[in-house]
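Colleague:
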Amino acid sequence: MSLQVKNLTKKYGENTVVDKLSFNMGEPGVYALLGRNGAGKTTTIRIILGMLAHDGGEVLWNDKFLDPLTANVGYLAEERGLYPKYTLMDQMIYFAKLKKISDTEAKKRIKYWAEKLEVEEYLYPTTSATKAKSVKAKNGKPIKSRTADQLSKGNQQKIQLMASLISDPELIILDEPLSGLDPVNSDLFKKIIRECIAKEKYIIMSSHQMPTIEEFCSDITILNRGQAIVQGNLNEIKKGYGRVNMFVKSDQDIKPYIEEMNLNVLEETPAGYHIKVNGEEQATKFLTRLVEAKINVVKFELREPSLHEIFVEKVGANE
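Residue numbering for the sequence shown follows the numbering used here, beginning at 10 and increasing consecutively.
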């Protein structure tokens, strides 16, 4: 299987919001679409899903035009879209039927994901009530599952993720999946994403949380005003910069030595100095100078730039 996006273009009048964008997913994994607000990420996702018409290019899934009505695609939208007044169970059954999943199979999958996402009490309230022995059915009628508007935003997001995975999709698109989640639920979502990766799913992820992208994504595209300004394998992109980010911590004053070597200080914090160097040779010379001056170096680190640093540099340079 493979996903190919070729020369995708979208215009609104004279404004081009996606400009001849191309990228490929030739094997399972996670591909990241990054960019500032309004860069064209969500527009690209909506075109891939057939939610928006496009003015040029094509989207191929297994070398055929991607048809969201026949392809098994799961989508977690940035704008959550549950029906607020319908019970969660009815909604999950409904979403399963849209994917032609039988009620019997749907109930199995709902049970599975309810346990994984820790939302059983909202979908099966009679079960949790029986365990707690604190809630009784009214007028002898079974207690129904909760409605979406009775849940916190975080739990609504869990239900939304369940809806996107109910069909066991081959291609999964996650638009800001961790937005607004507390640390516990963020870790829970990450666990689910890892499970999808282990099942060899094709995943497109859009997120402003750069550490999450670094954790999951091997290949990326950074968009700016609809154009790809950085694209490729994340590790190779980092290697291309070299080890140019230096951190030095000392319990003595090292500022005179930094000024002596005319180093570029990115940030001075109570923890130490973040310094941009032009390569390992300059960093080694600085460390040698500190040692010669009998400066006690508590921590010295030389590393490649983070994705956050690359993003800020590239997007800021194109503003």
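Positions of the beta carbon are idealized from the N, C-alpha and C atoms, including for glycine.
All values reported here derive from a predicted model rather than from experimental measurement.
Between which two residues does the alpha helix (DSSP H) holding Asp196 run?
Modeller: Residues Pro192 to Ala207.
Colleague: Reducing DSSP to helix, strand and coil, say where Val253 ends up.
Modeller: Three-state result, Val253: coil.
Colleague: Please return the same chain residues whose Cβ sits closer than 7 Å to the Cβ of Gly281, not counting the five positions on each side in sequence.
Modeller: For Gly281, where only same-chain residues beyond five positions count, the Cβ hits under 7 Å are Phe256, Val257, Lys258 and Lys308.
Colleague: Roughly how far, in whole angstroms, is the beta-carbon of Leu43 from the beta-carbon of Ile222, given that I think they are within contact range, below 8 Å?
Modeller: That belief holds up - the Cβ atoms of Leu43 and Ile222 are roughly 7 Å apart, short of 8 Å.
Colleague: Could you say which of Ala157, Asn24 and Leu30 lies nearest to Gln240 if we only look at CA atoms?
Modeller: Residue Leu30 is the option with its Cα nearest to Gln240.
Colleague: Is it buried or exposed for Met60, if we count other Cβ within 10 angstroms and need 16 for buried?
Modeller: When all chains shown are included, Met60 counts as exposed.
Colleague: Identify which residue in Lys120, Asn81 and Ile229 has its Cα closest to the Cα of Met219.
Modeller: Of Lys120, Asn81 and Ile229, the residue nearest in Cα terms is Ile229.
Colleague: In chain order, what residues of the same chain have a beta carbon less than 7 Å from the beta carbon of Lys247, not counting five sequence neighbours either side?
Modeller: Taken in chain order, the residues that qualify are Glu313 and Pro314.
Colleague: Report the rounded CA-to-CA distance for Ser195 versus Leu78, giving the unit in angstroms.
Modeller: Approximately 30 Å, taken between the alpha carbons.
Colleague: Name the DSSP beta bridge partners of Lys20, please?
Modeller: In the DSSP output, where bridge partners are listed per residue, Lys20 has Thr25.
Colleague: Checking 9 Å against the spacing of the C-beta atoms, do Ile182 and Leu85 come in under that value?
Modeller: Going by C-beta atoms, Ile182 is nearer than 9 Å to Leu85.
Colleague: For the beta strand (DSSP E) that Thr278 lies in, which residues bound it at each end?
Modeller: Start and end: Asn273 to Thr278.
Colleague: Ala237 lies in the alpha helix (DSSP H); which residues open and close that run?
Modeller: Looking at the DSSP string, Ala237 is not in any alpha helix (DSSP H); the run it does join, the beta strand (DSSP E), is Gln236 to Asn242.
Colleague: In whole angstroms, what is the alpha-carbon distance linking Lys323 and Ile238?
Modeller: For Lys323 and Ile238, the distance between alpha carbons rounds to 7 Å.
Colleague: Which residues mark the beginning and the end of the alpha helix (DSSP H) in which Asn71 is found?
Modeller: Asn71 -> no alpha helix (DSSP H), and no H or E assigned at all.
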